[in-house]
Each structure stands twice: as structure tokens, then as C-alpha cells.
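Step one of this worksheet: look at the structure below.
There are 2 protein chains.
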Amino acid sequence: MQQGALGSRNDGHAMNFCSHCGNPVGLKVPPGDNLPRFVCDTCQAIHYVNPKVVVGCIPEWDGQILLCRRAIEPRVGLWTFPAGFMEAGEHTAEAAARETFEEAQAEVEITSLYAVFSLPHVSQIYVVFRGAMHKPEFGAGSESLEVQLFPHEKIPWDALAFPVIHETLTRYVQDRDRGQFDVHLGVVAKTPDGF
Amino acid sequence: MQQGALGSRNDGHAMNFCSHCGNPVGLKVPPGDNLPRFVCDTCQAIHYVNPKVVVGCIPEWDGQILLCRRAIEPRVGLWTFPAGFMEAGEHTAEAAARETFEEAQAEVEITSLYAVFSLPHVSQIYVVFRGAMHKPEFGAGSESLEVQLFPHEKIPWDALAFPVIHETLTRYVQDRDRGQFDVHLGVVAKTPDGF
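Chains as they are written, first to last, in the numbering used here: chain A, 3 to 197; chain B, 3 to 197.
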């Protein structure tokens with residue numbers, strides 16, 4: 003699910019009213035805490051803003067990887083591997099497989115954890131897996147314009163949707179070339195165009 | 003920060019009023035979505051409930067690891083490695099080092115990612131690191147009753163705070179014994195006592 007598309011008016015980073023009692027909230031540092039939080043002036047409920055988890059999958063078939071061209075903003079028309087917000091009650095690997103089916107109509111067997119990248123400027127972490135496709139069946143889900151298998155030498159580097167996609171696939175191709183896949187940890191900083 | 007202690011009345015899993023406009027919300031499936039969300043009856047804002055990220059660190063000194071005895075509920079009096087909720091704007095490794103300093107007053111250099119565990123029953127993921135202590139200096143932060151270095155053979159297995167701590171340390175000791183540390187991925191299910 004592409005939450006930004008549906009929920010852009012409330013992305014969890016701003017709050018005017020208490021979701022518990024409906025009265026106004028203000029930013030203050032609660033007792034025993036060291037950061038400002040949204041606190042209800044009336045019922046004193048404290049509302050934390052937490053980073054969000056994006057789960058992704060690099061689907062693999064016969065030396066190629068499956069990418070989706072985005073049908074939704076932001077970055078409509080650009081390419082990504084299947085990725086989206088983890089839902090409450092899921093585990094990470096099943097969430098990545100679900101996103102792969104939703105966006106690329108492909109069934110994958112999650113084979114390994116591949117990367118954990120933090121994007122502090124948008125308070126997200128990406129948890130990315132490798133996924134084995136057992137048959138070359140795929141198609142465009144509602145959030146994709148098209149879905150296509152790419153040999154590594156034909157990855158559309160200049161038309162990737164986000165820096166974290168570029169960083170992940172860069173490492174992936176390097177790992178593939180040297181014949182060993184590591185689990186990658188990193189931070190992807192904000193770029194001049196805001197992503 | 004131990005959010006449960008301060009924010010138990012609003013843990014992000016229930017919502018009565020719209021945090022954007024203050025009017026009542028109801029659970030419904032938004033157009034284009036496939037899961038029920040809290041949607042404002044008045045301004046139509048959609049409020050997503052997302053899993054939370056807990057970052058943890060196994061601080062290492064001279065063949066021993068540093069554990070904290072919890073001063074706060076739940077599981078007050080039981081042992082854990084330093085862990086807590088990642089804050090907005092952080093990256094995972096720095097958040098784990100921050101929690102280590104807050105709970106155990108120890109400075110660590112994060113050396114590797116160690117585990118990504120999902121706890122679907124509480125919609126949390128644990129991202130756990132190994133951390134090198136460069137000096138044996140530590141103490142009890144405000145959320146700890148005491149902090150102590152343990153040789154692996156003296157880990158207090160019967161007095162660990164949560165199943166995810168038990169699972170992580172079990173794998174850690176196994177890895178240590180065979181002389182190779184992997185990155186672990188897994189799911190820790192709900193236990194009969196609710197953790």
C-alpha cells in the first residue's frame with residue numbers, strides 16, 4: 003500500500019488534535035522524557051511519532067530482476083523494485099512478498115535479508131529481501147504502469163525512482179559480480195531534489 | 003525511550019478522533035485499499051497504523067556482554083540488552099547506540115547488524131546490533147535498576163525480560179561458540195503469558 007498517495011494529509015508527522023479525546027494537543031517534553039512530543043492538553047495522552055518500515059523485494063528469475071514502473075506519485079513513471087509500507091501484524095518477509103504480489107503480480111519465495119537502510123530525513127527504514135521467482139509470471143498491479151525483467155546490464159539507472167533504490171541495486175550488482183551477497187546496512191541521505 | 007510507560011493510553015493501535023481536524027473517525031476500507039483504516043468522517047483524512055521499530059544493542063567487552071535489569075514495566079526486575087523505540091529522524095545504528103547510552107550509560111561503537119526479528123502480535127520489529135565497548139564503563143540509566151557484564155555461561159536465562167531477548171541471545175551464544183556471526187532473520191511469536 004502506497005500510504006503517501008492516500009494519506010498525504012496526515013503522514014504521522016504532525017498532529018493538531020488528540021486521537022484519544024479529540025481536544026487540542028501541544029508539543030511539550032513529558033516528565034522523564036528528553037524530546038518534545040504531542041501531548042493532549044486535556045487528557046494528557048502522549049502521542050509518539052515513530053519511523054515507518056518500508057519492506058522491499060528484489061525478485062530474481064534466471065539471472066534477471068523484476069522491476070516496476072510506478073503508476074503513482076511521487077516519481078510516477080520511474081522504476082523501482084516492489085516495496086511498500088509494512089502493515090500492522092505482519093512480519094517483514096511476508097510483507098515483502100505481499101508487496102511483490104500487489105505491485106508486480108509475482109509470487110516470490112523470500113530467500114534472504116539483503117539490506118537495512120535508514121532514511122532519517124523521511125523517518126523511514128527500508129528492509130529489503132531477495133526473492134526467488136519459481137516461474138516467469140508477473141504483471142502490473144494497480145500501482146504499476148508496467149513490470150519487466152531486467153538483466154543486470156540493462157537496469158535503467160537513470161530512471162530509478164528513489165536514491166534508496168539506486169543504492170540497493172548498485173550494491174546488488176556489485177555483489178552479483180563478485181559472486182557473494184552480504185547483508186548491507188546503511189544510511190541514505192536526502193538528495194537535492196528532496197528524495 | 004520506553005514509550006509504553008508514558009504513552010500507554012495511546013499506543014497507536016486505536017483512534018477515536020481525527021488528529022488533523024478533531025472530529026470522530028471510523029474504521030473503513032478507503033478506495034483503492036484492501037484493509038480497514040481509521041478514516042475521518044469529516045475531513046476524510048486516512049490514519050494508518052504502522053509497525054514500530056525497536057532498536058537494540060549487544061554491548062561486548064572482553065568476552066562478556068552488558069545487560070540491564072529493567073526498572074520499568076513491563077517485566078520490571080528482569081534482564082535485557084539495551085533496546086528501545088527508534089525515534090523519528092534517526093538511523094538504526096545511531097538509535098541503538100543512543101539506547102545503550104541511555105539505559106546502560108555505556109558508549110558503544112556499532113560493529114555489525116546482528117538480527118531483524120518481527121513480533122507481529124505487537125506490530126514491532128527488533129533491529130539488533132553488536133556494539134564494541136572500548137572501556138568497561140557503564141551504569142544504570144533511569145530505566146535500569148542495575149547494569150552488569152555477563153560471561154556467556156552466566157547469562158541469566160531464567161530471568162530475561164522478553165522472548166525476543168531470549169531468542170537473540172540464544173543465537174548469539176551459538177554463533178559465539180562456533181566462531182561465526184550471521185545476520186539473523188526471524189519471527190518471535192506471542193507466548194502464553196502475552197509477551
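Beta carbons: idealized from backbone N, C-alpha and C, even for Gly. These numbers were taken from a predicted model, which means no experiment stands behind them.
Closest by C-alpha distance to residue i, when choosing among the options
i	options	result
B/Phe131	B/Gly143, B/Ser114, B/Lys137	B/Ser114
A/Pro33	B/Asp195, B/Arg178, B/Ser144	B/Ser144
A/Ser120	B/Gly181, B/Gly79, B/His93	B/His93
B/Met135	B/Ser125, B/Asp160, B/Glu109	B/Glu109
A/Ala47	A/Gly24, A/Phe164, A/Ile60	A/Gly24
B/Leu112	B/Met17, B/Thr172, B/Pro84, B/Asn52	Here residue 112 of chain B turns out to be Ile, not Leu, going by the sequence shown. Nearest of B/Met17, B/Thr172, B/Pro84, B/Asn52 to B/Ile112, Cα basis: B/Pro84.
A/Ala163	A/Cys42, A/Cys70, A/Pro61, A/Asn52	A/Cys70
A/Leu151	A/Asp160, A/Arg178, A/Trp81	A/Trp81
B/Asp160	B/Met17, B/Arg77, B/Cys45, B/Cys42	B/Arg77
A/Glu105	A/Phe87, A/Ala117, A/Gly181	A/Phe87
B/Ser146	B/Tyr50, B/Ile74, B/Thr44, B/Glu89	B/Ile74
B/Val41	B/Glu62, B/His123, B/Met17, B/Pro53	B/Met17
B/Lys137	B/Gln107, B/Gly181, B/Val118, B/His123	B/Gln107
B/Lys192	A/Val149, A/Pro165, A/Arg178, A/Gly91	A/Gly91
B/Pro122	B/Phe183, B/Val149, B/Pro53, B/Gln182	B/Pro53
A/Cys45	A/Arg39, A/His22, A/Asp35	A/His22
Cβ pair residue i, residue j closer than 8 Å
i	j	result
B/Glu101	B/Gly58	yes
A/Val27	A/Cys20	yes
A/Tyr128	A/Val175	no
A/Tyr116	A/Ile60	yes
A/Gly196	A/Glu169	no
A/Ala95	A/Glu89	no
Chain B within 8 Å of residue i, Cβ atoms only
i	result
A/Leu187	yes
A/Thr94	yes
A/Pro53	yes
A/Thr193	no
A/Met135	no
A/Leu115	yes
A/Phe152	no
A/Gly34	yes
A/Leu37	yes
Neighbour flag for residue i against chain A, beta carbons, 8 Å
i	result
B/Met88	yes
B/Cys20	yes
B/Ser120	yes
B/Cys23	yes
B/Ser146	no
B/Ile127	yes
B/Gly196	no
Chain C residues whose Cβ lies nearer than 7 Å to that of residue i
i	result
A/Gly91	No chain C appears in this structure, whose protein chains are A and B.
Open item on the list: Quick check: the stretch 66–84 of chain B against the stretch 153–171 of chain B, are at least 3 beta-carbon pairs closer than 8 Å?
Closed with: The stretch 153–171 of chain B and the stretch 66–84 of chain B touch, with no fewer than 3 CB-CB distances between them shorter than 8 Å.
TODO: Ignoring anything shorter than 3 residues or poking outside the stretch 54–87 of chain A, list the beta strand (DSSP E) runs there in chain order.
DONE: Counting only runs of 3 or more, we get 54–63, 66–72, 85–87.
Task: Complete alpha helix (DSSP H) runs within the stretch 101–135 of chain B (minimum length 4 residues, chain order) - done: Runs of the alpha helix (DSSP H) inside the stretch 101–135 of chain B: none found.
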